[in-house]
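Heads up: the sequence shown runs through residues 341 to 566, numbered per our numbering. Where a beta carbon is used, it is the ideal one built from N, C-alpha and C, also for glycine. These numbers come from a predicted model, not from an experiment.
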Amino acid sequence: MSNTNTIKNIFLRRFFLIEGILVAGWIIYLINFYLFYKEAYFYIDKRLSFFLQLLSLLNDNWTESIIYLVFGFLLMVWTMFSTYLFYLVNKKEQQHIVSVLLFLSLNILFFLSLLFNIVGLIYFVLMILALSLVYIIFVLAMNDFRKIDFYYEEGETIDTLGPFETEDKAKKEATSFIAQWQGKESVRLSGEIYLDTNNKYYTDIYIETIKKDCSIYFNKEKVNVK
């Protein structure tokens with residue numbers, strides 16, 4: 341198993357654990373929030389306008405409202421962040437599309453559950469802020485990632501992909517891997533396909549050259565390993 345596959349498996353296990361914790365957190369949060377909301381809303385004058393009811397609820401329950409809003413915002417940020425990260429890592433893996441859709445549906449359900457009350461307007465604003473924050477985090481992270489210098493030497497293998505059943509599959513995965521490095525202007529990657537003794541195809545990804553303003557390409561070669 342390649343280093344990439346091993347890292348992905350570790351990431352998947354951690355993600356499912358985190359997502360399970362988040363789902364439990366959302367359920368506990370929603371139950372407690374609506375218990376609080378039911379009691380707080382009971383004492384609100386229903387003859388008031390929507391905004392006056394909202395102001396009255398916040399004024400009479402300021403501390404509790406702030407706590408619930410802050411925790412709700414943090415849950416939104418962490419949920420959006422983990423789900424989008426899971427999507428980025430697995431967007432090319434068809435076997436995980438069901439998991440992506442499941443978690444996305446759960447998240448939408450949790451978010452919508454916050455809107456059916458007079459505080460829903462504030463939660464809607466918090467959702468937009470959370471989405472903006474997660475977007476900014478990923479944009480900055482990707483920019484920093486592209487600026488990272490490589491501490492490799494020319495000819496050094498940086499990863500081994502495989503095993504694959506066919507040579508075409510090995511080439512496809514290697515091409516995809518190399519394409520992800522298109523933003524790295526300081527290196528040119530190359531791949532070497534070989535057939536191992538177990539009749540499985542592997543691809544060594546290595547540094548062809550290290551320089552500025554260079555293209556990235558895939559050099560298809562087949563080498564039999566004894």
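{"query": "Supposed contact pair residue 457 and residue 419 - C-beta distance, whole angstroms, cut 8 angstroms", "result": "Not confirmed; about 19 angstroms, so no contact."}
{"query": "One or two residues paired with residue 353 in a DSSP bridge", "result": "According to DSSP, which records beta bridges pairwise, residue 353 is partnered with nothing at all."}
{"query": "Those residues which DSSP pairs with residue 528 across a bridge", "result": "549"}
{"query": "Neighbourhood of residue 467 by C-beta distance below 7 angstroms, restricted to the same chain and skipping five residues each side", "result": "416 and 451"}
{"query": "Local conformation of residue 460 per DSSP, three classes", "result": "helix"}
{"query": "At least three beta-carbon pairs within less than 8 angstroms, the region 498-513 to the region 531-545", "result": "yes"}
{"query": "Rounded straight-line distance, which links the Cα of residue 353 to that of residue 407", "result": "31 angstroms"}
{"query": "Nearest neighbour of residue 384, chosen from 395, 374 and 501 [CA to CA]", "result": "395"}
{"query": "Span separating the alpha-carbon of residue 399 from that of residue 377", "result": "13 angstroms"}
{"query": "Start-to-end residues for the beta strand (DSSP E) that takes in residue 537", "result": "No beta strand (DSSP E) holds residue 537; DSSP gives it neither H nor E."}
{"query": "Counterpart residues of residue 497 in DSSP-defined beta bridges", "result": "546"}
{"query": "Residue 422: CB within 7 angstroms of a non-hydrogen atom of the ligand PLP", "result": "Ligands are entirely absent from the displayed structure, and the ligand PLP is therefore not among its contents."}
{"query": "Whether residue 545 touches residue 498 by CB criterion (8 angstroms)", "result": "yes"}
{"query": "Nearest residue (CA-CA) to residue 370, options 412, 403, 393 and 477", "result": "412"}
{"query": "Neighbourhood of residue 469 by C-beta, 8 angstroms cutoff - its chain only, sequence neighbours within 5 removed", "result": "413"}
{"query": "Extent of the continuous alpha helix (DSSP H) to which residue 515 belongs", "result": "507-519"}
{"query": "Outcome for residue 367 when other beta-carbon atoms lying within 10 angstroms are tallied against a minimum of 16", "result": "exposed"}
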